[in-house]
DNA sequence: CAGAATCCAACTTGATACTG
DNA sequence: CAGTATCAAGTTGGATTCTG
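Structure (structure tokens):
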């Protein structure tokens, strides 16, 4: 499947039915769609990075959420964790090959959000003005 | 920006800094990343569709969540709502031009999820087996 | 038919304090 | 440095009931 096929695929086909197949896809959509996951994946693009450096690159994330997000991604096989037995401790994270395949969709989504944010905020303001009156 | 550029864009650039610009993009990522939003957007691809028909096409969604999701999308200017003054009432929804621009990223994401779900579930099982022992 | 309103259980997140 | 533990607060989603 190439990126060109994206335009011909349909949501019905991808998430069809109430069966296991569609359910897994729907679960994944929700699973990765939380506050930090896509952001963290994007920041891992450039290869191994330390925990503290990663925390600096994701503005606003708490220690707790970074740890939880990384553990979830590691469990799903998208992120690799390497811990070095030194003092002070050093732990590095990077994307697995599977994790790298998530990058294009994630960036497409982020790019869309950036390009559309202006119009969305404008529409939202219009809507609120219409409803409040 | 074309789809080809997606591979050259970087998450840093898109969501940079703690300033307003990056914050809006991060908020949007979270905003659209809930349980139903992308699914509903995908199901609206084929044009006007009634509330009840839409509910049938999104398996498992509750009345409440369908209503809330549609209202959110309408507020953001992604979905258009048309209500016909008939009895019984008829309300139709479809994507605005802005809403249509979300389709390619959403489908890219869903396509990725479908293609990767098998490996992810396998990795997850491995991880759990390793950790539980 | 297409919802609005209400209630509640479950989950998510952040802040804080502590540790190998 | 790289976490873990605990608690409090906020948010989300489902079930149910009611209505124009």
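Residue numbers (this note's numbering), protein chains in the order written: chain Z, 6 to 138; chain V, 6 to 138.
Even glycine gets a Cβ: it sits at the ideal position worked out from N, Cα and C.
Because the structure is a prediction, the values reported are computed rather than measured.
Along the beta strand (DSSP E) that carries residue i, what are the first and last residues, could you check?
i, result
"residue 100 of chain Z", "95-100"
"residue 62 of chain Z", "Unbroken run through residue 62 of chain Z is the alpha helix (DSSP H), 56-62; no beta strand (DSSP E)."
"residue 15 of chain V", "Premise fails: residue 15 of chain V is in no beta strand (DSSP E) and is neither H nor E."
Please report whether the beta-carbon of residue i lies at a distance below 8 Å from any beta-carbon of chain V.
i, result
"residue 96 of chain Z", "no"
"residue 99 of chain Z", "no"
"residue 89 of chain Z", "no"
"residue 43 of chain Z", "yes"
"residue 34 of chain Z", "yes"
"residue 16 of chain Z", "yes"
"residue 69 of chain Z", "no"
"residue 116 of chain Z", "yes"
"residue 30 of chain Z", "yes"
"residue 66 of chain Z", "no"
"residue 103 of chain Z", "yes"
"residue 92 of chain Z", "no"
Count the other CB atoms, across all protein chains shown, that sit within 10 Å of the CB of residue i; report buried if there are 16 or more and exposed otherwise.
i, result
"residue 113 of chain Z", "buried"
"residue 81 of chain V", "buried"
"residue 109 of chain Z", "buried"
"residue 63 of chain V", "buried"
"residue 123 of chain V", "exposed"
"residue 130 of chain Z", "exposed"
"residue 24 of chain Z", "exposed"
"residue 46 of chain Z", "buried"
"residue 134 of chain Z", "exposed"
Judging by CA-CA distance, which residue of the options is the nearest neighbour of residue i?
i, options, result
"residue 52 of chain V", "V:135, V:121, V:104", "V:104"
"residue 120 of chain Z", "V:106, V:55, V:44", "V:106"
"residue 35 of chain Z", "V:44, V:54, V:29", "V:44"
"residue 48 of chain Z", "Z:66, Z:32, Z:33, Z:133", "Z:66"
"residue 94 of chain V", "V:84, V:118, V:18, V:55", "V:55"
"residue 13 of chain V", "Z:41, Z:88, Z:115", "Z:115"
"residue 98 of chain V", "V:70, V:118, V:50, V:28", "V:50"
"residue 21 of chain V", "Z:61, Z:89, Z:73", "Z:61"
"residue 40 of chain V", "Z:118, Z:78, Z:32", "Z:32"
"residue 38 of chain V", "Z:111, Z:85, Z:18, Z:132", "Z:111"
"residue 85 of chain V", "V:71, V:102, V:73", "V:102"
"residue 73 of chain V", "V:132, V:42, V:134, V:128", "V:42"
"residue 18 of chain Z", "V:125, V:132, V:118", "V:118"
"residue 29 of chain V", "Z:126, Z:59, Z:70", "Z:126"
"residue 100 of chain V", "V:91, V:90, V:87, V:83", "V:83"
"residue 128 of chain V", "Z:79, Z:59, Z:96", "Z:79"
"residue 136 of chain V", "Z:77, Z:26, Z:71", "Z:77"
Nearest chain Z C-beta to residue i closer than 8 Å, yes or no?
i, result
"residue 52 of chain V", "no"
"residue 58 of chain V", "no"
"residue 106 of chain V", "yes"
"residue 112 of chain V", "yes"
"residue 78 of chain V", "no"
"residue 86 of chain V", "no"
"residue 55 of chain V", "no"
The alpha helix (DSSP H) that contains residue i, what's its start and end?
i, result
"residue 87 of chain Z", "Element bounds for residue 87 of chain Z: not the alpha helix (DSSP H) but the beta strand (DSSP E), 84-89."
"residue 39 of chain V", "Where residue 39 of chain V is concerned, there is no enclosing alpha helix (DSSP H), given that its DSSP letter is neither H nor E."
"residue 71 of chain Z", "68-80"
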